[in-house]
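Numbering of the sequence shown is given in UniProt numbering, commencing with residue 1 and proceeding in unit increments.
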Amino acid sequence: MKGLFIFSDGMEDNEALSTRALLVRAGFEIDSATINHNLIVETSYKQKVICDLHMDEVDFKNYDFLLIPGGPYVNHIIDDEKVIKNAILAFNEAEKVIGAICAAPRFLGRLGLLEGKEFTAYPGSEKEVKNSLYFVDKKSIICGNIVTARSAGTVIDFVYNLIVRLKNEAAANELLDRILYR
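What follows is the structure in structure tokens.
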């Protein structure tokens, strides 16, 4: 299975890089694509990351799932950002899995994709989402084709639920065993 991870300047380091590393370790192929003008992304803690593609080079049909990290960038771009929102809508319409962590579920909320659904996110992010069930105490939630997680501290739970949703619980447990998590 192949995933598309959208990277942007200001993304949270752990949510992006650890999630990607753990999913690759679990046998997934992950392409990173950026909305930036060049392929180099600077994380919120100033790490430089070279992405595989620009978003305008991406064909959504080539991917089984979409991932969006949180971070301070969400607050800066959420009102005007169309590329990420269009990707979310395309994956949702195709009934593909969408993973969003920390502040990133706000994109889904703005698009109405969390209405009637259970989700978690960074505290305060839920204020824009109407008619949904927000769980501040849950680390990660699977609800239909959407997997959400609360913050950088819940990356392992996020990855676990992504693997459960994309493969199965046995594959998710195998990853936890391989990284000596339990």
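For glycine and all other residues, C-beta sits at the position ideal for the given N, C-alpha and C.
* **Reduced DSSP secondary structure (H/G/I, E/B, other) of residue 184** => No statement about residue 184 is possible, as the shown extent of the chain runs from 1 to 182 and does not include it.
* Count the other CB atoms within 10 Å of the CB of residue 159; is the residue buried (16 or more) or exposed (fewer)? -> It is buried - the Cβ of residue 159 has at least 16 other Cβ atoms within 10 Å.
* To do: Going by CA-CA distance only, name the one from 27, 92 and 84 that's closest to residue 107.
  => Nearest of 27, 92 and 84 to residue 107, Cα basis: 84.
* Determine the direct distance from the alpha carbon of residue 55 to that of residue 16, and round the result to whole angstroms. => Going from the Cα of residue 16 to the Cα of residue 55 covers about 16 Å.
* Would the beta-carbon of residue 19 fall within 7 Å of that of residue 155? -> Less than 7 Å divides the Cβ of residue 19 from the Cβ of residue 155.
* Simplified DSSP assignment, three categories, for residue 189 -> Residue 189 falls outside the range modelled here, since the chain spans only 1 to 182, and no answer is possible.
* **Proximity of residue 11 and residue 28 at Cβ, strictly below 7 Å** => No, they are not a contact pair.
* On a CA-only basis, which of 49, 147 and 116 is nearest residue 96? Give me that one, please. => Distance from the Cα of residue 96 is smallest, within the candidate group 49, 147 and 116, for 147.
* Residue from 114, 34, 88 and 103 whose Cα sits closest to the Cα of residue 124 -> Nearest of 114, 34, 88 and 103 to residue 124, Cα basis: 103.
* To do: Quick one: residues in its chain with C-beta nearer than 8 Å to the C-beta of residue 33, no 5 flanking neighbours on either side, listed in chain order?
  => So the list reads 4, 5, 6, 7, 51, 52, 53, 54, 55, 57 and 58, once near-sequence residues are dropped.
* Would you mind working out which of 169, 62 and 118 sits nearest residue 131, comparing C-alpha positions? => Looking at the Cα atoms, 118 is the closest of the given residues.
* To do: For residue 97, write down the residues that DSSP places opposite it in a beta bridge.
  => Partner(s): 65.
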